[in-house]
Every structure is written in structure tokens, then in C-alpha cells.
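Heads up, the thing below is written out as C-alpha cells.
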Amino acid sequence: MLSFNIMGIGEYKGVVNDFESFLAFLDTLAVIISEMFGDHCEVVISDLDNTDNSVLSIYNGQVTGRSVGDPLNTRAGELIERSKGGYNINYKKANKKIKKEIKSSTIVTKAFGRNISLCINYDCDDISAIQKTLKKFLSMGDEVYDEFDAFDNGELAEHKFMVELEKINKPIVDMNKKDRLELIKNLKEAGVFKIQKSVPYIAEQMGLSRYTIYNYLNEIEENEKK
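Per the UniProt record's numbering, the sequence shown starts with residue 1, numbered consecutively.
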């Protein structure tokens with residue numbers, strides 16, 4: 001692990017009362033984060049007011065290939081603007097020189113008259129490779145065989161719901177009305193709503209009211225008549 005200390009800054013003593021002790025606090029925080037999440041996690045503290053020698057402290061610098069004293073990769077004004085509210089969480093870092101899948105979070109603060117940022121860059125290449133392998137391994141054909149005898153009514157509704165949700169291939173929280181209508185239509189065609197007490201179960205899983213489920217079913221029936 002590549003580690004660098006801020007030049008001229010002492011160790012954090014548990015109190016922040018000036019610019020140097022503030023940087024010592026950030027440096028200690030950076031150490032903790034980098035140690036906790038390992039070699040793939042780079043943590044960098046930058047002086048946004050000194051863009052030519054911006055990097056004050058960096059841990060696991062091999063992630064982006066930077067070291068102490070390096071210039072700021074992003075324009076300071078752009079970084080401050082992008083981190084309105086003080087932070088920018090879980091964005092994808094785009095850098096043509098770094099051919100890696102990097103997930104980043106940045107917090108910007110003005111302290112003792114200086115603009116300082118703490119940025120976490122996580123190299124996701126290994127995790128992405130695992131994800132692709134798992135997705136390939138878990139891929140299945142479209143044909144589904146229901147072993148009805150193995151389920152009671154509640155289990156059957158749950159089973160069919162999970163099958164149809166998998167076909168949509170989108171988390172429920174990210175669904176728009178079109179997606180929800182498609183899911184309800186597929187559930188209807190799969191006979192889910194013929195199962196006793198299926199509507200309350202489906203409503204709970206989708207975070208909707210029973211009234212909304214019935215409205216969707218009515219809308220689907222009206223569209224089918226056209």
C-alpha cells in the first residue's frame with residue numbers, strides 16, 4: 001500500500017482548532033478508510049486553491065497513479081460546483097488515462113479560509129469481473145416450469161412473483177408506471193391474481209396500495225379490449 005503523510009502536519013490529537021490540526025484529522029480519516037477497505041480503495045486529500053500541487057495526502061495511490069504534490073485532475077471550480085451541498089456520492093470517475101472502473105465519492109469543505117476536498121476512489125474492476133461471471137452463471141432460459149404441488153397458495157404467489165420480476169430485470173424501486181403495468185400484466189397472464197390473497201401480497205412487494213393494483217388491472221383490461 002502506497003502511503004504518504006501531509007508534509008509538516010503532525011498526528012491527529014483528537015482536537016481541531018486550526019488548519020494544521022484539521023488536515024491532521026482528515027489525514028487520519030483517510031488512513032482509516034483506506035485500511036478498512038483495502039488496496040483497491042484510494043483516499044486523497046486535495047487543496048483546491050493550489051491546483052498545480054493539489055494532492056496533500058494520498059493512500060493507495062496506485063488506483064489512479066497519483067502521489068503527493070500532483071496537480072488536481074479536475075478543475076477546482078468544477079469540482080466545487082459538482083459537490084454542491086458539500087458532497088457528491090457514488091459517481092463514476094471518467095479518465096481516459098485510467099482504464100479502470102472507478103466508483104468515487106467526494107466531500108468538499110471550506111475550512112480556515114481554504115477549499116479542501118476528501119475523495120474516495122474505489123477500483124471496481126475485480127468486483128465487476130465477479131459480477132459478470134455470476135450473471136453469466138445465473139442466466140437461465142425463458143421457459144419456466146412451475147411445480148405447483150410443491151407450493152401452498154402463499155408460496156405459489158411468491159414464486160410466480162419472483163419469476164416475473166426476474167423477467168423485467170429491473171429493481172422495483174427503479175420502476176416507472178410502464179414497468180409496473182408490464183409486471184402486473186405478466187402476473188395476470190401467469191394466473192397470479194387467481195390465487196387467494198395474492199393482491200395484498202403483490203401490493204406489499206411493490207410498495208403500492210391494493211387500490212392501485214386493482215386500478216392497474218382495470219387499466220390492463222381496458223387496453224386489452226381496444
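We put the CB at the ideal spot given by N, CA and C, even for glycine.
Beta bridge counterpart(s) of residue i as assigned by DSSP
i, result
"E224", "Note: E224 sits in no beta bridge, so no partner."
"A111", "R114"
"C41", "Y122"
"N88", "T106"
"I58", "V44"
"K167", "Partner(s): none; K167 has no beta bridge."
Nearest neighbour of residue i, chosen from the options [CA to CA]
i, options, result
"Q196", "E35, E158, Y87 and I184", "E158"
"K92", "N115, S67 and I120", "I120"
"S198", "I168, F161 and N186", "F161"
"D179", "S105, I168, E189 and S34", "I168"
"G86", "N73, Q131 and I116", "I116"
"G191", "K177, N176 and V163", "V163"
Contact under 8 Å by Cβ, residue i with residue j
i, j, result
"V44", "V55", "yes"
"E222", "L181", "no"
"I107", "L118", "yes"
"residue 235", "S57", "Beyond the ends of the chain as shown, which are 1 and 226, falls residue 235; an answer cannot be given."
"L183", "L156", "no"
"I202", "L217", "no"
"N90", "S105", "yes"
Whole-angstrom distance between residue j and residue i, CA atom to CA atom
i, j, result
"V15", "K103", "31 Å"
"G69", "K135", "41 Å"
"L2", "Y59", "Residue confidence is low: L2 scores 38 on pLDDT, short of 50, so the model does not pin down where it sits. Its coordinate-derived value is still stated next. If I take the Cα positions, the gap works out to 6 Å."
"T133", "S139", "10 Å"
"A150", "I213", "With a pLDDT of 43 at A150, under the threshold of 50, the modelled position of that residue is not reliable, and no figure is offered here."
"D49", "D174", "39 Å"
"F137", "F37", "27 Å"
"C41", "C124", "9 Å"
"R210", "P171", "20 Å"
"N53", "L29", "21 Å"
Beta carbon proximity, residue i to chain D, threshold 8 Å
i, result
"R114", "No chain D is present in this structure, which holds just one protein chain."
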